[in-house]
Amino acid sequence: MARDFTLKAYAGIVDAALAAGYHPVGVGDWLDGFRPCEPVIVLRHDVDRRPEHALAMAHLEASRGILATYYFRTVGSAFNPAIIREIATLGHEIGYHYEDFHLAKYDPAKAHALYLKNLGALREIAPIRSIAMHGSPLAKYSNMELWNHRSFSESGVKDCILSGDWSQFLFFTDTGRSFDARLTNLRDTIGGKRVPGVASSAAVGEHLQTYCPPLVQLSVHPERWSDRLWAWSRQLVVDTAANGVKVGLRILR
Ligand SMILES: [Zn+2]
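6 is the number of the first residue of the sequence shown in the numbering used here; add one for each residue after it.
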């Protein structure tokens with residue numbers, strides 16, 4: 006059986022969507038009111054680390070004339086200005102994958118100042134229209150809780166989750182290394198509908214082609230997707246360990 010979570014497997018989903026007549030759209034465009042004909046697939050990528058994987062995915066999409074949204078963290082290896090710039094040059098949207106509430110130990114004033122600083126650093130590289138929280142699954146509070154104290158609209162952005170009504174969307178996410186992970190996905194939700202039993206990339210592609218649901222959001226973490234066996238195997242080990250921790254947390258919480 007072919008390995009899943011490779012670039013080739015991702016291309017399989019994208020090509021199935023295109024063959025089924027889907028119109029791909031970025032999150033920022035959707036939140037700003039752009040409405041292509043249905044069926045619509047909103048493409049979202051959270052870049053937690055390994056930005057070179059995001060770049061490869063961005064090239065794959067661009068070669069098919071597709072634009073997506075890439076949310077970049079500003080801490081750690083994800084923050085690679087040259088790669089962010091290159092992805093933006095391909096025509097993709099760049100967004101901020103924020104985690105400031107967690108980084109500032111849940112102090113709203115400190116967190117907001119840090120948020121503005123990090124957003125500013127990203128804006129020196131590319132225009133930023135939307136933001137999406139980093140899940141920080143091990144953190145005590147959700148990063149989105151910063152917005153109980155402050156307003157993100159003051160900084161001229163929309164929030165991927167809070168600014169949109171996703172209730173009519175089918176939501177496919179690779180969090181937990183399966184499109185059907187309910188036990189290991191602690192925070193990654195948009196309030197959309199899920200499809201139980203659709204776990205693999207091939208199954209997602211088949212579902213799109215067979216049922217053609219009118220509104221879909223596909224959320225994929227590029228770090229997980231590599232054709233190179235070593236990078237793929239290393240990620241398998243990381244995902245397996247992380248899933249074990251998350252199942253433990255779910256039991257404790
Ligand atoms: Zn993240």
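Note that beta-carbon positions come from the ideal geometry of N, C-alpha and C, so glycine has one too. Owing to the predicted nature of the structure, the values given are computational and were not obtained by experimental measurement.
Who are the near neighbours of residue i in its chain, counting only those whose CB is closer than 7 angstroms to its CB and skipping five residues on each side?
| i | result |
| --- | --- |
| A61 | L12 |
| G197 | W171, S172, F174, L175, F176, Q222 |
| D9 | S205, S206 |
| H58 | P227, E228, W230, S231 |
| S141 | E104, H107, N148 |
| F157 | I136, D164 |
| G81 | R54 |
For residue i versus residue j, is the C-beta distance shorter than 8 angstroms?
| i | j | result |
| --- | --- | --- |
| H102 | A137 | yes |
| Y76 | G100 | yes |
| D179 | R229 | yes |
| R182 | N248 | yes |
| D53 | A24 | no |
| R187 | G33 | no |
| V19 | I71 | yes |
| R78 | H139 | yes |
Round the Cβ separation of residue i and residue j to the nearest angstrom and send it over; I've been treating them as touching at under 8 angstroms.
| i | j | result |
| --- | --- | --- |
| E98 | G31 | 4 angstroms |
| I46 | A22 | 5 angstroms |
| E43 | L220 | 7 angstroms |
| L151 | A118 | Not confirmed; about 11 angstroms, so no contact. |
| V225 | Y15 | 7 angstroms |
| G96 | A67 | 6 angstroms |
Could you check whether the Cβ of residue i sits closer than 8 angstroms to any Cβ belonging to chain B?
| i | result |
| --- | --- |
| A25 | The chain inventory of the structure shown lacks chain B, comprising one protein chain alone. |
Can you find the residues in the same chain that come closer than 6 angstroms, C-beta to C-beta, to residue i, ignoring five residues on each side of it along the sequence?
| i | result |
| --- | --- |
| I88 | P56, L60 |
| G169 | L36 |
Sorted by chain position, which residues of the same chain lie with C-beta nearer than 8 angstroms to residue i's C-beta, five sequence neighbours on each side aside?
| i | result |
| --- | --- |
| R90 | I130, A131 |
Can you pull every residue whose C-beta falls closer than 6 angstroms to some heavy atom of ligand 1, listed in chain order? Chain-ordered list of matching residues: D51, D53, H102, H139, G140.
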